[in-house]
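In what follows, a single structure is set out as structure tokens and then discussed.
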Amino acid sequence: MSKINTVAIIGGGVSGLSAGGLLSQKGMRVKLFEANDKLGGCCANTDIDGYTFHDGALYLAFPGILEHVFERLGLDRSSLLPLRKIITMQTTTLPDGTVVSFGNGLEVTIRRKGEAKEGQLQKELDSMLKKWEPVRRLFADDILRHPFSWSRLIVKGWRHLPKFRGRDALFRHATSENTGSIHLGACCYAYGGILPA
10 MSKINTVAII
20 GGGVSGLSAG
30 GLLSQKGMRV
40 KLFEANDKLG
50 GCCANTDIDG
60 YTFHDGALYL
70 AFPGILEHVF
80 ERLGLDRSSL
90 LPLRKIITMQ
100 TTTLPDGTVV
110 SFGNGLEVTI
120 RRKGEAKEGQ
130 LQKELDSMLK
140 KWEPVRRLFA
150 DDILRHPFSW
160 SRLIVKGWRH
170 LPKFRGRDAL
180 FRHATSENTG
190 SIHLGACCYA
200 YGGILPA
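Numbering (the numbering used here), first residue to last: 10 to 206.
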């Protein structure tokens, strides 16, 4: 069997660029094929008439993984890709007319027909985050930083298995379908930027 010297990578998104960088460090010749006229995939931007639009990702749910990739590539992430925590209020309207706003950290407001439900949602959100924080840390700090292995997942995560009872476990603390969806969005938003201590 002959040694592989050249590798073709399809897609110039974060994964393709990372794989190409790591393989080239190991002496492989890398050919990258990207359908678009720019690199970055869902992390790229498009400028139109002086306005910048994100092509995909707005929030970085697991910044530690990005740090890990840059370290593996021998690059200084903070100088090449400075991150800023989003503090501007983000608002979305759900199909039933419910208006949800996420602010800095876990500041969440739900308005429906003029009624504000911040207190109830905040309690539900705090309960959900407390329950799922150990699982998030397991994935962010361990599982996602190594090549996937079922045995590693089971050895490291067996105590969390009862939490993975599907949709019902995730939405158990939510008083409605919408607040369950809001919980998921808030979790991603809350972990954007700097990892909690």
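All C-beta atoms in this analysis are idealised placements derived from N, C-alpha and C, irrespective of residue type, glycine included.
Quiz item: Which same chain residues, not among the five before or five after ARG121, have their C-beta less than 6 Å away from its C-beta?
Solution: THR107
Quiz prompt | First through last residue of the alpha helix (DSSP H) which encompasses PHE79 | solution = 72-82
Quiz prompt | Reduced DSSP category for PHE148 - H, G, I as helix; E, B as strand; rest coil | solution = helix
Quiz prompt | First and last residue of the uninterrupted beta strand (DSSP E) at SER110 | solution = 108-111
Practice problem: Following the continuous beta strand (DSSP E) through LEU90, name the residue where it begins and the one where it ends. | Solution: Taken as a continuous stretch (DSSP letters only), LEU90 belongs to no beta strand (DSSP E), as it is neither H nor E.
Exercise. Please report the residue range of the alpha helix (DSSP H) in which ARG161 lies.
Key: 159-166
Quiz item: Going by Cα to Cα distance, which pick from THR118, SER33, ALA149, PHE148 is closest to THR102?
Solution: THR118
Quiz item: Should ALA28 and ILE18 be called a contact, given that it needs their Cβ atoms to be closer than 7 Å?
Solution: yes
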